[in-house]
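Enquirer:
So, in structure tokens, the structure goes:
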């Protein structure tokens, strides 16, 4: 469910750069380098000599100078000459549309939009195509195009501010000459989460290089700065007219590669400096979890493989599969934040160990069917996830009837179909927009035991679920029953009460 239409467009807004500058000045105060930092800051943004030169000549001279400096900072040598051009706002807009269409065709973009709707991350009917063109046209201050091997910069930005944009984008140009960044990012496909992790490497390392560029002459570098939370920069970004209208998920997805990527880059590069960068490209992170937790990248933790059975035969020809992919820790964190808030979402999503989702659409009614399967790091966390996500589902669907809750199973009906949550061992599965028969077919395809059945009629026998506990040899108690052996030794038993 990637809403960014082109991995080629590397976006940084002018506002973000300017606010980064002030943040770095504060960081310099913390390490006792205030005067040096301000002096270098002035030197860094000063235009080249020759004020009577044309804007294009000034731009070219400044870009050549910054490119040489970024090569020295990163240790990446310029291998071939780089084409550099100024672009008008109309040209930037045309480029955004062109890249959007080249990166994903209309049906793929539609599938991504509908998947975001299915998870509740954007409002139903939100015109994502139009919004993204408006947002990117507003936000792009400069970009490096790895297809054309060309650096563009917006011609309405003063030369003094252009140098900060150049420091970031020209780092991409150098990385491209050494690591072929377009192919490197796309090598993660079709795993959207792994692809986003690679984009975070690109944006985070380029942002780290920009910080070192701004600190030139101070005797300091990013590795010397005290840890700071880049999310403090978000407040300034909200001055953007387009971003003010953006759903929260889009805002978070926009800044994730830069801010989380910066923290990842700082952690990975701190021990050995920029000489460690090639190692990250040769051994890229496998998930956004490794970006959010660099220690897991160092340890080589691999996400658990998770699959879902195909539902096409059961659904019939009236349904179309729009998308099947992986959300990752970042994606699940966004889903949980949408309904539970930041404080509850972050620790819960950090227990992610793998996932898979499928989105189907009914051809005539356009009704959506969402199927998810998420694996967590322990049975204890799985039980906690069940309690938390059942609450999230209730908040997501405000029109609910026939609620049915058991210790590890929860369901209710909505005008768009039933919603089901079932947890077993280390995993939970959900289905939204379907029938109980379809959900039972899913759990059968997973070789899970049948979920508890709701009472046939209100007022008659009420069915409840009891967990059967079997003693283990070490004296501890584990969920299980010899009558229903399974990988996690869990069985459900129904007690009928008059």
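Numbering (the working numbering), first residue to last: 297 to 794. For every residue, glycine included, the Cβ atom is placed at its ideal position computed from N, Cα and C.
Please classify residue 553 as buried or exposed, where buried requires at least 16 other C-beta atoms within 10 Å of its C-beta.
Expert: buried
Enquirer: Please classify residue 607: does DSSP put it in a helix, a strand, or coil?
Expert: coil
Enquirer: What does the alpha-carbon distance come out to for the pair residue 521 and residue 625?
Expert: 28 Å
Enquirer: Is the beta carbon of residue 655 sitting closer than 9 Å to the one on residue 403?
Expert: no
Enquirer: What first and last residue would you give for the beta strand (DSSP E) that runs through residue 584?
Expert: No beta strand (DSSP E) contains residue 584, which is instead part of the alpha helix (DSSP H) from 584-588.
Enquirer: Quick check on residue 709: does DSSP put it in helix, strand or coil?
Expert: strand
Enquirer: Which residues in the same chain have their Cβ closer than 6 Å to the Cβ of residue 502, if we skip the five residues on either side of it in sequence?
Expert: 464, 467 and 468
Enquirer: Where do the ends of the alpha helix (DSSP H) carrying residue 459 lie?
Expert: It spans 455-475 - the alpha helix (DSSP H) in which residue 459 sits, taken as one unbroken run.
Enquirer: Just list the beta strand (DSSP E) runs in the stretch 650-716, keeping only unbroken ones of 3 residues or longer that don't cross its boundaries, in chain order.
Expert: 664-672, 697-702 and 705-710
Enquirer: Under a three-way DSSP split, which group does residue 480 fall into?
Expert: helix
Enquirer: Mind checking who residue 630 pairs with in its DSSP beta bridge?
Expert: The beta-bridge partner set that DSSP reports for residue 630 is empty.
Enquirer: When the Cα atoms are used, what is the spatial distance from residue 541 to residue 659?
Expert: Going from the Cα of residue 541 to the Cα of residue 659 covers about 30 Å.
Enquirer: Per DSSP, which one or two residues make a beta bridge with residue 447?
Expert: Residue pairing for residue 447: DSSP places it in a beta bridge opposite 380 and 440.
Enquirer: With distances taken from CA atoms, which of 439, 386 and 451 is nearest residue 430?
Expert: Ranking the options by Cα distance to residue 430, first place goes to 386.
Enquirer: Using only alpha-carbon positions, find the residue among 513, 452, 479 and 736 that is nearest to residue 399.
Expert: 479
Enquirer: Can you check which of these residues, 693, 711, 723 and 562, is closest to residue 705 by C-alpha distance?
Expert: 723
Enquirer: Please classify residue 638: does DSSP put it in a helix, a strand, or coil?
Expert: helix
Enquirer: Would the beta-carbon of residue 422 fall within 9 Å of that of residue 538?
Expert: Not a contact, by the Cβ cut-off of 9 Å.
Enquirer: Whose C-alpha, out of 516, 582, 413 and 443, is nearest the C-alpha of residue 494?
Expert: By alpha-carbon distance to residue 494, the top candidate from 516, 582, 413 and 443 is 582.
Enquirer: Hey, how far is the Cα of residue 445 from the Cα of residue 453?
Expert: 22 Å
Enquirer: How would you label residue 300, buried or exposed, when you count the other beta carbons within 10 angstroms and need 16 or more for buried?
Expert: For residue 300, the pLDDT reaches just 45, beneath the cut-off of 50, and the residue's location in the model is therefore unreliable, although a value from the coordinates is still provided. So residue 300 counts as buried.
Enquirer: Of the residues 594, 570 and 689, which one's Cα is nearest the Cα of residue 579?
Expert: 594
Enquirer: When the Cα atoms are used, what is the spatial distance from residue 369 to residue 510?
Expert: 11 Å
Enquirer: Report the rounded CA-to-CA distance for residue 588 versus residue 389, giving the unit in angstroms.
Expert: Straight-line Cα distance between these residues: approximately 32 Å.
Enquirer: Leaving out five residues on either side along the sequence, give the residues of the same chain with a beta carbon under 6 Å from the beta carbon of residue 374.
Expert: 367
Enquirer: Name the two residues that bound the continuous beta strand (DSSP E) containing residue 725.
Expert: Counting along the chain, the unbroken beta strand (DSSP E) around residue 725 starts and ends at 723-730.
Enquirer: CA-CA distance, residue 352 and residue 372?
Expert: 26 Å
Enquirer: For the beta strand (DSSP E) containing residue 617, name the first residue and the last one.
Expert: 615-621
Enquirer: In the DSSP assignment, find the unbroken alpha helix (DSSP H) run with residue 547 in it and report its ends.
Expert: Residues 544-565.
Enquirer: Going by Cα to Cα distance, which pick from 357, 646, 497 and 673 is closest to residue 720?
Expert: Checked all of 357, 646, 497 and 673; the closest Cα to residue 720 is 673.
Enquirer: Indicate the three-state DSSP secondary structure (helix, strand or coil) for residue 570 in the structure shown.
Expert: helix
Enquirer: Using the C-alpha atoms, what's the distance from residue 695 back to residue 472?
Expert: Each residue's Cα considered, the two are about 51 Å apart.
Enquirer: Enumerate, from N- to C-terminal direction, the unbroken alpha helix (DSSP H) stretches of 4 or more residues contained entirely within the stretch 395-440.
Expert: 402-414 and 424-435
Enquirer: If you compare alpha carbons, which of 647, 678 and 570 is closest to residue 506?
Expert: 570
Enquirer: Taking DSSP as the reference, what is the three-state secondary structure of residue 520?
Expert: Reduced to three states, the DSSP call for residue 520 is helix.
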